[in-house]
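Read the structure below first, then the notes.
Shown next, in the form of structure tokens:
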């Protein structure tokens, strides 16, 4: 008398198939047959606002900072990868924003460049602030001419990372 658990995963579709009819879960009093988990169909609710197409990804910002620092020190990718004990192809992908590196990898790459993790993240934050200010200036200039006075909204210069 043991409960046998099947090794099946429940699939939750991100997009409904265009021509596939919606299946319903099995009814409790249906005849005994092989148990299939119900297919969950996403609810159709109000669409969330799409993020700005020009909003940078964190991995792009961090990768740009790593590459800029490496080139400023006139070091090769191979040299930094060996010092950080990271594979050269992986470090290249991190620099190009193709990989979302862990904090351990970022700290090792930063140390290999003579930076601390906080230095790396601060430089990336500055880059994000610069990008955000540039976007807000473009948005304001396109919407209406500025009167030269600062808006009443507060400006946030902090950084918060949560795991």
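Residue numbers (my numbering): 106 to 268. Idealized CB from N, CA, C, for every residue including glycine.
Enclosing alpha helix (DSSP H) for residue i [first to last residue]
i           : result
residue 206 : Neither: residue 206 is in no alpha helix (DSSP H) and is coded neither H nor E.
residue 194 : 193-200
residue 168 : 163-177
residue 182 : 182-189
Integer Cβ distance of residue i from residue j, believed to fall under 8 angstroms
i           : j           : result
residue 198 : residue 171 : Incorrect: roughly 11 angstroms between the Cβ atoms, too far for contact.
residue 185 : residue 225 : That pair is no contact at about 13 angstroms.
residue 221 : residue 213 : At roughly 12 angstroms, the Cβ-Cβ gap does not stay under 8 angstroms, so residue 221 and residue 213 are not in contact.
Euclidean distance between Cα positions of residue i and residue j
i           : j           : result
residue 218 : residue 203 : 20 angstroms
residue 73  : residue 189 : Outside the shown range of the chain (106 to 268) lies residue 73, about which nothing can therefore be said.
residue 160 : residue 205 : 16 angstroms
residue 211 : residue 241 : 29 angstroms
residue 175 : residue 239 : 25 angstroms
residue 181 : residue 119 : 42 angstroms
residue 173 : residue 207 : 19 angstroms
residue 183 : residue 169 : 17 angstroms
residue 177 : residue 243 : 30 angstroms
residue 179 : residue 165 : 21 angstroms
residue 230 : residue 187 : 26 angstroms
residue 163 : residue 209 : 16 angstroms
residue 158 : residue 223 : Confidence at residue 158 is low in this model, with a pLDDT of 49, below 50, so the placement of that residue should be treated as unreliable; the coordinate-derived value is given next. Each residue's alpha carbon lies about 28 angstroms from the other.
Contact between the stretch 177-194 and the stretch 221-239: three or more CB pairs below 8 angstroms?
-> No: fewer than three Cβ pairs fall under 8 angstroms.
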